[in-house]
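Colleague:
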Ligand SMILES: [Zn+2]
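Residue numbers (our numbering): 43 to 217.
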């Protein structure tokens with residue numbers, strides 16, 4: 043086998059052409075002494091096909107980062123990806139993809155019920171005009187519409203023909 047170039051950043055070593063969004067995957071695990079830190083890749087849209095508008099992504103970030111901490115005390119960070127196709131969630135402890143998915147889905151349910159974006163003011167945010175609550179709720183609704191069993195499958199080859207047939211158009215997934 044020919045040697046492939048390896049990067050320091052885990053996601054640069056992921057072949058983005060093989061995934062099937064949306065999905066939740068364990069991206070990286072780090073042991074820090076007795077502590078374990080797990081990084082999850084929470085992908086909403088198909089890489090290089092679709093991405094979330096900045097204002098909706100920004101509001102979703104505020105809403106998820108605030109609400110997910112009501113469901114677990116293991117969150118270290120939740121931040122949007124620069125490519126705007128999803129988020130990274132970093133948690134402490136032996137957290138499985140299933141457990142992370144449960145917390146994310148609970149926080150997304152909270153997004154649907156929100157009447158305002160938390161921290162949306164010039165005091166609490168670095169770009170408070172760039173928000174879209176309705177857009178955030180649209181993307182939350184979309185993610186929640188996907189069957190749980192499908193969300194934890196990452197690669198195209200893991201999906202059954204039936205699942206491949208029903209990947210929603212909004213993901214940008216090309217069959
Ligand atoms: Zn902000």
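Ideal placement from N, C-alpha and C gives every residue a C-beta, glycine not left out.
Note that the coordinates shown come from a computational prediction; the quantities given were computed from them, not determined experimentally.
Let me know the secondary structure DSSP gives residue 164 once reduced to three states.
Modeller: coil
Colleague: To the nearest whole angstrom, what separates the beta carbons of residue 146 and residue 66, a pair I think is in contact under 8 Å?
Modeller: 7 Å
Colleague: If I measure Cβ to Cβ from residue 97 and keep anything under 7 Å in the same chain, skipping five residues before and after, which residues do I get?
Modeller: 172, 173, 174 and 177
Colleague: Mapping DSSP to helix, strand and coil, what is residue 187?
Modeller: Coil at residue 187, not helix or strand.
Colleague: Helix, strand or coil: how does DSSP classify residue 172 here?
Modeller: coil
Colleague: How is the beta strand (DSSP E) around residue 68 delimited, first residue to last?
Modeller: 65-74
Colleague: What residue does the beta strand (DSSP E) around residue 79 start on, and which one ends it?
Modeller: First-last of the beta strand (DSSP E) with residue 79: 77-85.
Colleague: Taking the alpha-carbon of residue 213 as reference, which of 184, 201 and 199 has the nearest alpha-carbon?
Modeller: 184
Colleague: Please check the pair residue 201 and residue 62, which I expect to be a contact at CB under 8 Å, by giving their CB distance rounded to whole angstroms.
Modeller: 6 Å
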